[in-house]
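A quick write-up on the structure given underneath.
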Amino acid sequence: MPRLLAKVIVIDPQNIDAAALEPVAQGLKAGQLAAFPTETVYGLGADAFNPLAVAAIFATKQRPMTDPVIVHIADMSDIAAVTDMPWEDLPPNALKLAQKFWPGPLTMVLPRGKRVPLVVTAGKDTVAVRMPSHPVARALIRMAGTPLAAPSANRFGHISPTTAQHVADDLGARVAWIVDGGPSQVGVESTIVDVMTSPPTLLRPGGVSAEDLEEVLGEKLARPDRFAVQVHEAAPAPGMLLSHYAPEAKLLVFYHKNIEQAWRAALREIAAQAKISRRVGALAPQEYFQQALAAGAAEAALFGAAADSALAAQALYAGLRALDKAHVALIVTAIGQTNGIGLALQDRLWRAAGGIMLDAKNED
Ligand code: AMP
Ligand code: MG
């Protein structure tokens, strides 16, 4: 059992107790790490201008130094310290997106200011910047008096945390502070857009939909090929392409643009696995929850509603963690159309499954 070292500070986002938050802000100023709530997932924060503190984030998460972290700000006036230019001088597309989506689950890649150490940006001359909307995150950034560099507060490669308990489970013995501000409302990470390219490039789908960004920009986003998610026809091969956001149990994700079709295949898989006595966990939206149990799932975790991808996003990581805690051998789920926040769901499930998504089209 890890020795619990983190001090957990519970803060009501509706009624922030500044006195209770003060020691955390002081700790951050002194170079300590603090996990804190945001609307996307919980972050593991350090003073973004303190290279030793930021290096400690990488050590704590066991995250490779080649993976840059996002800098979190509380106000537009913080842009100047992070990019060396007043916010009014940001590229026009950045201004448009900031006006519409900040504070919120959007990260923009901007020019790196000299005060931002290279450990933050993995040696790049650009810095990824986000203004979270969570009141506790913004209060903490203001009280610390510095932007906070913060990746998700989990072991590298593991499932992102959406509650303070998730953080304690992963890193409780390795961080000074955990600020508990309740469950994250969005539930998946921010959308990352490089606004220095023309058109801007979607680097990671997330809490703000690509469609909403494109409407404000008045043009289509460029999308790197690596987001062309591969859908496999055959049974999953052992050689895994990718692994991130991953549970301990093996994860099978069925995909069809029609969610009913996708779930038919998933339910058949659950039944087949249960028949050979495998302990199967279903990550099931409310519409399929009872059916998954009836098909033979030993455990089921609620995956929002099939008709509401925002609810599904909120429940994704907590559901995967709950099924791991229930020691299932295999987790089965399915997803349908990939518009709106569904694109982020598809991306995270695809990575959590090691880069494999199963085509439900030939299953009938
Ligand atoms: P997270 O693990 O949620 O903190 O996400 C950090 C991700 O942001 C990285 O894995 C990169 O994909 C992206 N990122 C951070 N900084 C930059 C940057 N300067 N340029 C491009 N992408 C970045
Ligand atoms: Mg992460």
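Convert by adding 18 to the 1-based position in the sequence shown; the result is the number in the working numbering. Every residue, glycine too, gets a C-beta built ideally from N, C-alpha and C.
Mark V28 as exposed unless 16 or more other C-beta atoms lie within 10 angstroms of its C-beta, in which case mark it buried. Here residue 28 refers to the residue found at position 10 when the sequence shown is read from its first residue. With fewer than 16 other Cβ atoms within 10 Å, it is exposed.
Flag I88 as yes when its Cβ comes closer than 7 Å to any non-hydrogen atom of the ligand AMP, and as no otherwise. Along the sequence shown, read from residue 1 onward, the residue named residue 88 stands at position 70. Correct: I88 has its Cβ closer than 7 Å to the ligand AMP.
Just tell me which of V226, A24 and A328 has its CA closest to the CA of L189. What you label residue 189 is simply residue 171 of the sequence shown in a count that begins at 1. L189 has its Cα closest to that of A24, out of V226, A24 and A328.
Should D65 be labelled buried (16 or more other beta-carbon atoms within 10 Å of its own) or exposed? Mapped onto the sequence shown, residue 65 falls at position 47. Taking all protein chains in view, the Cβ of D65 is crowded by 16 or more other Cβ atoms within 10 Å, so the residue is classified as buried.
Consult DSSP for K268 and reduce its assignment to one of helix, strand or coil. Residue mapping note: residue 268 aligns to position 250 of the sequence shown, counting from 1. Three-state result, K268: strand.
Cβ separation of S227 and G358, assumed to be a contact under 8 Å, to the nearest whole Å: Position 209 of the sequence shown holds residue 227. Position 340 of the sequence shown holds residue 358. Going by Cβ atoms, the distance from S227 to G358 rounds to 5 Å, so yes, they are a contact pair.
Run the CB neighbour count on Q291, radius 10 Å, all protein chains shown included, and call it buried at 16 or more, exposed below. Walking along the sequence shown from the start, residue 291 turns up at place 273. Classified as buried, Q291 has 16 or more neighbouring CB atoms from the shown chains inside 10 Å of its CB.
Would DSSP call T414 helix, strand or coil? With the chain covering 19 to 382 only, the question about residue 414 has no answer from this structure.
Is the closest heavy atom of the ligand MG to the C-beta of S170 under 7 Å? Looking up residue 170 in the sequence shown gives position 152. True, at least one ligand heavy atom lies under 7 Å from that Cβ.
Nearer than 7 Å: is that true of the beta carbon of V42 relative to any heavy atom of the ligand AMP? Walking along the sequence shown from the start, residue 42 turns up at place 24. No, the ligand AMP has no heavy atom inside 7 Å of this Cβ.
Which residues mark the beginning and the end of the alpha helix (DSSP H) in which K25 is found? As a working note, residue 25 is residue 7 in the sequence shown. Counting along the chain, K25 falls outside any alpha helix (DSSP H), though it belongs to the beta strand (DSSP E) covering K25 to V28.
Between A73, K268, A283 and Q50, which lies nearest to G141 when the distance is taken from Cα to Cα? Working through the sequence shown from its first residue, we reach residue 141 at position 123. With distances taken between Cα atoms, G141 lies closest to A73.
Leaving out five residues before and five after A362 in sequence, what residues of the same chain have Cβ atoms less than 6 Å from its Cβ? As a first step, residue 362 is located in the sequence shown; it is residue number 344 there, counting from the start. For A362, where only same-chain residues beyond five positions count, the Cβ hits under 6 Å are V206, P223 and G224.
Measure the beta-carbon distance from L62 to G49 and round it to whole angstroms, keeping in mind my assumption that it falls under 8 Å. By 1-based counting over the sequence shown, the position of residue 62 is 44. By 1-based counting over the sequence shown, the position of residue 49 is 31. With a contact defined as Cβ atoms closer than 8 Å, L62 and G49 miss out at about 14 Å.
Bridge partner(s) assigned by DSSP for E317: What you label residue 317 is simply residue 299 of the sequence shown in a count that begins at 1. For E317, which the question treats as bridged, DSSP gives the partners G299.
Using DSSP's beta-bridge definition, name the partner residues of F76. Mapped onto the sequence shown, residue 76 falls at position 58. Per DSSP, none; premise fails for F76.
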